[in-house]
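As you go down the protein sequences, you meet chains X and Z in turn. Numbering of the first sequence is given in the numbering used here, commencing with residue 106 and proceeding in unit increments. Numbering of the second sequence is given in the numbering used here, commencing with residue 88 and proceeding in unit increments.
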Amino acid sequence: MNSKRLTAISTAILCSLLLSCQKGEEKPNNTGPIPVGIISSFTGPEARFGQAHRNGYEMALEEINSSGGPLGRELELLYYDDTSRAEVAMSAVEELAENSSVAAILGAYTSSSTFPSTAVSDRYQIPMIVPTAVTDEITRQGYQWVFRVCAPAASYGEGMTDFLKEAAGATRLAIVYENTQFGSSVAHAALERAPRAGIEVVAFEAYDAGGTDFTPLLTRVKSANPDGALYISYLADATLLMRQSKEMDFNPKVFTAGGSGFSLPDFLKGAGDTAEYTVSITQWTPDAGWSGSREWAAKFRARYNSEPGYHAVQAYVSLKVLADAITRAGTSGRRAIRDALRSTSMDSIFGPISFDEKGQNAHPVAITQVLNGKFVTVYPPSVAMRPPVIPTPPWSARSSQRGDTGKASVAQVNDVSGTQKFLQSVASGLLTGGIYALIGIGLTIIFGVMRVVNFAHGALVMVGMYSTYFLFTYLHIDPFLSLVVVMPAMFLVGVAIEKLLIEPVLKAPERNQILLTEGLSIVLINTALLLFTANYLTMTTSYAGATARLGGVSVSKPQLGAFAIACVITAALYLFLMKTDTGRRIRATAQDSEAAQILGVNIKRVQTLTFGLGVAAAGAAGALLMPIYYRVEPYAGAPFSLKAFIVVVLGGMGSVTGALVGGLLLGVAEALGAVYVSTGYKDAIGFVIFLLVLLLKPSGLLGKSRV
Amino acid sequence: MRGRLALPSLVLAVFLLAGPFLFQARYAQHVLILVLLYVTLGSAWNILGGFAGQLSLGHAAFFGIGAYSAAIIASKSAASPWWGMVAGPIVVLPVALAVGWTCFRLRGPYFTLATIAVGEVVRLVALNWGSLTGGAVGVVIRPSIFSGTSKVPYYYVILVIAVGTVALCWMITRRKLGYYLLAIREDQETAESIGIDTTRYKLIALLISASLTALAGAFYANYFLFVDPSQSATVLTLALSVEIVLMAIIGGQGTVAGPVLGAILLKVSSEVFRNVFKQANLLIYGLLLIAIILFMPDGLMGGLRKWMNKRRHA
Numbered sequence: 106m107n108s109k110r111l112t113a114i115s116t117a118i119l120c121s122l123l124l125s126c127q128k129g130e131e132k133p134n135n136t137g138p139i140p141v142g143i144i145s146s147f148t149g150p151e152a153r154f155g156q157a158h159r160n161g162y163e164m165a166l167e168e169i170n171s172s173g174g175p176l177g178r179e180l181e182l183l184y185y186d187d188t189s190r191a192e193v194a195m196s197a198v199e200e201l202a203e204n205s206s207v208a209a210i211l212g213a214y215t216s217s218s219t220f221p222s223t224a225v226s227d228r229y230q231i232p233m234i235v236p237t238a239v240t241d242e243i244t245r246q247g248y249q250w251v252f253r254v255c256a257p258a259a260s261y262g263e264g265m266t267d268f269l270k271e272a273a274g275a276t277r278l279a280i281v282y283e284n285t286q287f288g289s290s291v292a293h294a295a296l297e298r299a300p301r302a303g304i305e306v307v308a309f310e311a312y313d314a315g316g317t318d319f320t321p322l323l324t325r326v327k328s329a330n331p332d333g334a335l336y337i338s339y340l341a342d343a344t345l346l347m348r349q350s351k352e353m354d355f356n357p358k359v360f361t362a363g364g365s366g367f368s369l370p371d372f373l374k375g376a377g378d379t380a381e382y383t384v385s386i387t388q389w390t391p392d393a394g395w396s397g398s399r400e401w402a403a404k405f406r407a408r409y410n411s412e413p414g415y416h417a418v419q420a421y422v423s424l425k426v427l428a429d430a431i432t433r434a435g436t437s438g439r440r441a442i443r444d445a446l447r448s449t450s451m452d453s454i455f456g457p458i459s460f461d462e463k464g465q466n467a468h469p470v471a472i473t474q475v476l477n478g479k480f481v482t483v484y485p486p487s488v489a490m491r492p493p494v495i496p497t498p499p500w501s502a503r504s505s506q507r508g509d510t511g512k513a514s515v516a517q518v519n520d521v522s523g524t525q526k527f528l529q530s531v532a533s534g535l536l537t538g539g540i541y542a543l544i545g546i547g548l549t550i551i552f553g554v555m556r557v558v559n560f561a562h563g564a565l566v567m568v569g570m571y572s573t574y575f576l577f578t579y580l581h582i583d584p585f586l587s588l589v590v591v592m593p594a595m596f597l598v599g600v601a602i603e604k605l606l607i608e609p610v611l612k613a614p615e616r617n618q619i620l621l622t623e624g625l626s627i628v629l630i631n632t633a634l635l636l637f638t639a640n641y642l643t644m645t646t647s648y649a650g651a652t653a654r655l656g657g658v659s660v661s662k663p664q665l666g667a668f669a670i671a672c673v674i675t676a677a678l679y680l681f682l683m684k685t686d687t688g689r690r691i692r693a694t695a696q697d698s699e700a701a702q703i704l705g706v707n708i709k710r711v712q713t714l715t716f717g718l719g720v721a722a723a724g725a726a727g728a729l730l731m732p733i734y735y736r737v738e739p740y741a742g743a744p745f746s747l748k749a750f751i752v753v754v755l756g757g758m759g760s761v762t763g764a765l766v767g768g769l770l771l772g773v774a775e776a777l778g779a780v781y782v783s784t785g786y787k788d789a790i791g792f793v794i795f796l797l798v799l800l801l802k803p804s805g806l807l808g809k810s811r812v
Numbered sequence: 088m089r090g091r092l093a094l095p096s097l098v099l100a101v102f103l104l105a106g107p108f109l110f111q112a113r114y115a116q117h118v119l120i121l122v123l124l125y126v127t128l129g130s131a132w133n134i135l136g137g138f139a140g141q142l143s144l145g146h147a148a149f150f151g152i153g154a155y156s157a158a159i160i161a162s163k164s165a166a167s168p169w170w171g172m173v174a175g176p177i178v179v180l181p182v183a184l185a186v187g188w189t190c191f192r193l194r195g196p197y198f199t200l201a202t203i204a205v206g207e208v209v210r211l212v213a214l215n216w217g218s219l220t221g222g223a224v225g226v227v228i229r230p231s232i233f234s235g236t237s238k239v240p241y242y243y244v245i246l247v248i249a250v251g252t253v254a255l256c257w258m259i260t261r262r263k264l265g266y267y268l269l270a271i272r273e274d275q276e277t278a279e280s281i282g283i284d285t286t287r288y289k290l291i292a293l294l295i296s297a298s299l300t301a302l303a304g305a306f307y308a309n310y311f312l313f314v315d316p317s318q319s320a321t322v323l324t325l326a327l328s329v330e331i332v333l334m335a336i337i338g339g340q341g342t343v344a345g346p347v348l349g350a351i352l353l354k355v356s357s358e359v360f361r362n363v364f365k366q367a368n369l370l371i372y373g374l375l376l377i378a379i380i381l382f383m384p385d386g387l388m389g390g391l392r393k394w395m396n397k398r399r400h401a
């Protein structure tokens with residue numbers, strides 16, 4: 106290729122780029138629809154809330170446009186999905202701000218996405234209305250362009266401590282919060298406020314959001330003997346926290362929650378009967394007494410066939426507030442809208458709305474309790490439909506049906522002795538460890554035979570979880586029974602993956618194998634995302650929450666069952682490898698593939714078979730997880746990939762017994778660490794042990810024994 | 088050779104310098120800045136991962152340390168967060184030394200898995216050490232020096248960093264260090280036997296790589312003005328480590344131009360996919376990765392070379 110041609114090509118590319126990209130700045134139109142940017146989480150773990158926002162916006166849009174729209178121009182909503190990521194939300198604000206015809210921005214959903222986004226909108230001087238995010242930071246920055254419709258975290262802390270003191274008479278509070286901006290801002294607001302209400306905070310525990318097992322955390326909380334619990338979580342964790350509180354037989358006088366996950370209709374579905382009696386902060390209820398709210402709720406129900414939550418109302422009202430400001434501004438110019446927003450004074454189904462000099466709307470919070478499977482407003486007395494049911498009956502006294510809200514027995518004392526606490530930690534650690542082991546075994550045999558670290562292993566666990574969910578939901582096959590279908594099916598999936606993708610790269614450098622399996626993981630997760638959306642799918646078995654008690658130690662029966670089956674599968678796999686001819690071929694290949702080939706072993710077949718087995722084990726683990734974690738979403742497998750790496754290195758890469766030992770060890774270490782050291786560092790403990798083993802004994806604890 | 092490349096180089100130089108004027112839309116400028124950021128990250132990773140063959144999946148930790156240096160300087164003192172570009176690359180050195188000391192005793196997949204663990208531990212520390220890092224809340228940084236909304240100054244800062252990093256990579260390949268690293272990658276035992284202190288040179292590669300990554304991290308903090316340790320963020324996440332490696336390997340690791348091509352291809356395509364395929368964008372991205380690994384196992388540079396050879400022989 107000569108230099109002239111190269112130059113010609115580069116110049117051509119340059120010119121075409123120039124032509125395609127150099128668009129002039131758009132001038133704000135004075136006719137036609139007014140574009141409004143909407144940012145929320147329409148995919149990702151928080152997608153349920155994004156959907157609620159969308160429902161609210163759509164209803165407001167229809168009303169506004171059917172009456173001609175502000176200034177006689179219709180509003181046009183430009184939806185931006187922040188995929189539950191702060192950075193994406195920030196880029197969206199920038200993109201919208203750059204489009205000068207966009208009048209204002211509404212959003213985002215999570216505090217983590219919203220807080221940095223408001224900084225961007227303030228810098229770009231585009232009005233931004235915050236419908237839902239509660240972190241106090243947003244209105245502490247002195248922003249001139251940001252207006253918040255909802256009540257902030259500080260009001261949550263105040264409202265909840267008042268309730269705990271006045272209505273519940275609690276004096277010892279345990280606060281459990283997810284370690285995100287939302288969780289920590291509400292938790293700290295409650296922590297600061299508690300002493301003034303005469304409440305002692307006896308436990309203040311953060312956990313990594315998207316938790317897979319709260320039993321160690323609850324062991325720690327229970328041993329602090331609180332009489333009130335405050336949980337602050339999004340949906341998935343809310344569900345699991347309540348179910349595991351039952352399994353652990355944790356009985357404070359009252360379970361309270363900081364809104365969000367505890368206030369969605371999906372929480373009632375996901376948590377089942379454990380949702381009963383939980384008390385939660387809410388920003389709105391149909392019976393809050395604001396004019397039109399009941400009628401609006403009826404309209405919402407008719408339109409979406411579901412109960413309206415406060416998130417939908419906040420979105421609805423935010424758009425109404427904007428339309429009002431545009432009308433008063435008399436133009437769709439940003440500065441005029443901002444100035445009009447400042448002097449907002451309107452009545453709405455969300456109560457009266459006006460913004461103080463920090464852009465905050467004074468909005469009261471209310472408190473609801475789940476009674477007979479419905480959210481009922483119980484506090485403050487001025488809007489309460491009925492007084493709260495307190496104390497909450499202990500788990501052991503609750504009948505299997507909901508409904509005996511009238512009678513309340515005295516809460517059990519959560520007294521835990523030191524030995525019990527220790528035994529409880531070990532027991533929950535072992536049970537979790539069994540599942541870790543099964544996931545690790547799949548990974549370890551694949552590595553042993555093929556020397557491939559399968560980065561798609563967690564995603565394959567997720568595929569197993571979805572299979573089990575659908576078998577249970579549509580064919581009513583019990584998750585434990587579904588193993589009979591899931592394992593062979595996943596085996597075939599594994600065979601197909603090996604033939605199509607892995608075999609071509611077996612001779613390639615290790616880095617290509619890692620990237621290929623990582624690519625596969627991205628494809629699997631995003632296929633699930635397209636097919637099933639990012640929403641959590643939850644299922645409830647008849648034995649969900651069943652608990653066995655052994656000498657003061659509570660053990661979840663489904664977890665016990667999953668543990669037992671994981672052990673059986675491990676033993677079967679071990680026997681298969683040790684006692685059968687095929688097993689010997691696999692082991693021979695693992696030890697020395699060239700020698701095995703010379704001795705007549707069909708290596709390609711062994712590799713395909715092994716990959717199939719490994720994937721079947723991952724699928725089995727997925728199936729066993731469903732009755733324990735109750736839920737699945739496209740990212741559900743992700744934490745298990747990392748756990749499996751740790752397990753496999755602990756036990757020695759390629760060793761089946763090693764993976765079993767490694768899994769149990771990791772489970773117990775994490776549980777003990779969470780109970781005695783810190784729940785926040787629970788996951789770090791696994792990694793530290795992992796690094797120590799790598800350093801001191803890189804071949805793993807069980808030495809060289811390979812498959 | 089020199090004469091043949093002179094004109095295209097000149098065109099490239101003019102193109103780079105004129106970048107923000109050719110692309111006046113801020114979104115386009117933003118994509119350019121991201122591309123240059125990832126050119127820096129891919130090239131910096133390449134010094135350790137490509138030249139020395141040590142597949143690190145923990146570079147997000149170095150990036151995060153750089154970003155947090157800027158953020159902490161800005162939140163704990165009145166100094167400009169730009170000082171993070173000085174502090175970050177220095178603060179990262181002891182961490183990188185510790186990583187090297189721990190992980191270089193390990194080979195192949197063990198090394199890779201250990202770097203993942205280091206990366207996750209650093210993230211968890213940032214998340215839980217609230218008094219220093221702001222914990223889950225993260226740190227919002229007030230812009231310093233460039234106070235407007237123009238992206239042009241940021242473009243030139245990252246341009247200097249990216250060009251400097253690529254130039255450094257090119258220099259390394261021409262020097263003793265480059266040849267030593269190559270020898271280590273091809274066969275560590277043989278390299279050892281001919282008297283190369285493999286640990287020492289791997290460590291040098293790691294320190295250079297980590298420092299440049301931290302520098303890019305400090306730039307990121309100044310540009311994005313927000314740093315947080317959540318799993319859905321960029322800083323400190325395994326997803327970032329994976330993305331860096333993808334850029335380098337898709338482009339063709341071990342070559343100077345590879346990470347540059349990889350960063351351009353992946354960043355531009357991910358932005359295009361986001362706008363065109365909407366929800367399916369990551370699915371298409373994943374399929375693209377698999378296709379490249381299957382059909383161009385040596386990355387774009389490998390594919391390009393093969394194609395040029397074919398043409399020459401045709």
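Think of the CB as a built atom: it goes at the ideal place given N, C-alpha and C, for glycine as much as any other residue. The structure displayed is predicted, hence computed values, not measured ones.
If only complete runs of 3 or more residues are kept, the region 196 to 241 of chain Z shows no beta strand (DSSP E) anywhere. At least one beta carbon of chain X lies nearer than 8 Å to the beta carbon of Z/Thr236. Secondary structure note for X/Ser659: its beta strand (DSSP E) is the uninterrupted segment 658 to 661. Under the three-state reduction of DSSP, X/Gly333 is assigned to strand. The straight-line gap separating the alpha-carbon atoms of Z/Val178 and Z/Ala301 is approximately 9 Å. The CB of X/Ala613 comes closer than 7 Å to the CB of Pro384 in chain Z, given here in chain order. Contact check between the region 167 to 184 of chain Z and the region 316 to 326 of chain Z: fewer than three CB pairs, one atom from each, fall below 8 Å, which does not count as touching. Residue environment analysis places X/His581 among the exposed positions, since fewer than 16 neighbouring C-beta atoms fall within 10 angstroms of its C-beta.
Z/Met388 and Z/Ala378 have their alpha carbons spaced roughly 15 Å apart.
Shown here, X/Lys612 sits in coil according to DSSP, grouped into three states, outside any helix or strand. Beta-bridge analysis with DSSP links X/Asn466 to X/Phe460. In the structure shown, X/Pro140 falls within a strand segment according to DSSP collapsed to helix, strand and coil. Straight-line spacing of the CA atoms in Z/Tyr267 and Z/Leu293 works out to 14 Å. Straight across, the Cα-Cα distance linking X/Asp788 with Z/Leu193 is about 22 Å. Burial check for Z/Thr277: the Cβ neighbour count within 10 Å stays below 16, so the residue is exposed. Non-local beta-carbon contacts of X/Phe795 in its own chain, meaning distances under 7 Å to residues more than five positions away in sequence, involve Ile751, Val754, Leu755 in chain order. Comparing alpha carbon positions, the residue from Z/Val126, Z/Gly153, Z/Ala157, Z/Asn309 closest to Z/Thr236 is Z/Asn309. A contact between stretches requires three or more CB pairs, one per stretch, nearer than 8 Å, and the region 630 to 642 of chain X fails this requirement with the region 580 to 596 of chain X. Per DSSP, the continuous alpha helix (DSSP H) segment holding X/Asp429 begins and ends at 415 to 434. Taking a beta-carbon distance threshold of 8 Å, X/Asp788 counts as an interface residue toward chain Z. The Cβ atoms of X/Gly377 and X/Ala649 sit closer than 8 Å to each other. Under a criterion of Cβ atoms nearer than 8 Å, the residues of chain Z adjacent to X/Ala224 are, in order, Val227, Leu312, Phe313.
For the C-beta of Z/Tyr125, not a single chain X residue is nearer than 9 Å; the gap to the nearest is close to 14 Å.
Among the CB atoms of chain Z, none fall inside 8 Å of the CB of X/Asn707.
Distance between X/Ala445 and X/Phe367, taken at the CA atoms: about 35 Å.
Classified as buried, X/Gln388 has 16 or more neighbouring CB atoms from the shown chains inside 10 Å of its CB. For X/Ile551, no Cβ of chain Z is located within less than 8 Å of the residue's own Cβ.
Secondary structure note for X/Glu181: its beta strand (DSSP E) is the uninterrupted segment 180 to 186.
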